[in-house]
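Visitor: Have a look at this one.
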Amino acid sequence: MKQGIHPEYVECTVKCSCGNTFTTRSTKSELKVDICNVCHPFYTGQQRFVDTGGRVQRFADKFGSAKEQVAAREAAKKAERAAKAAEIEAAKKAEREAKAAAKAKRAEEFAKKAAAEAEKAAEIEAATAAAEAVEAPAEAEVEAAAE
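Anchor point for the sequence shown: position 19 equals 19 in UniProt numbering, and the numbering is continuous, going up by one each time.
Next comes the structure, spelled out in structure tokens:
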């Protein structure tokens, strides 16, 4: 055994809150405990409410209203989910409206382009008809001269 590493044991008096005292050996000379073999429910066979230093009251204060806190927390989560769903729905609606606006703009541009092409085609047809009208009498003169 190594020297100087072991604690020094002394006679210890253990005092329980029920009034029982007994002696044993420990590194401390006196111990105070809340429950011992004389008053412990396992050894006595009687159910006893042991509230050491208001621990039960502190527990009740801390967790007694846990149902209310859980209900409030769930309500907050539900409201948050509803707000998020509403936000997502609003974003989808805005996206649909933007797509519809873009589609209407493309349709308007297509209509303008079609109208411009139709006008151009009408001008070309009118020019062709005018050219044919000018050529027709000239052809008639050429045919008459050839006969």
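Just so you know, even glycine gets a beta-carbon here, dropped at the ideal spot from N, CA and C. Keep in mind the model is a prediction, meaning the values are calculated, not measured.
(1) Using the Cα positions of V33 and F22, report the straight-line distance between them to the nearest angstrom.
(2) Nearest to T13 by CA position, among M1, S26, P7, K2, is which residue?
(3) In whole angstroms, what is the alpha-carbon distance linking E119 and A102?
(4) Taking CB distances under 7 Å as the criterion, tell me whether E11 reaches chain B.
(5) Closer than 7 Å by C-beta to G64: which residues in its own chain qualify, once you throw out the five before and the five after it? Chain order, please.
(6) Tell me which same chain residues have a C-beta within less than 8 Å of the C-beta of S29, skipping the five on either side of it?
(7) Would you report the Cα separation of A116 and A145, rounded to the nearest angstrom?
(8) Looking at the structure shown, is T27 part of a helix, part of a strand, or coil, going by DSSP?
(9) E95 to I88, Cα distance in whole Å?
(10) Assign V10 to one of three DSSP states: helix, strand, or coil.
(11) If you draw a straight line from the C-alpha of A126 to the C-alpha of A133, how long is it?
(12) Once you ignore the five residues that flank C18 on each side, which residues in its own chain have a CB closer than 8 Å to its CB?
Guide: Judging by the given coordinates:
(1) 11 Å
(2) S26
(3) 25 Å
(4) As a matter of chain content, chain B is missing from the structure shown, which is built from one protein chain.
(5) none
(6) V10, E11, C12, T13
(7) If I take the Cα positions, the gap works out to 43 Å.
(8) coil
(9) 10 Å
(10) strand
(11) 10 Å
(12) Once the five neighbours on either side are set aside, the close Cβ partners of C18 are I35, C36, V38, C39.
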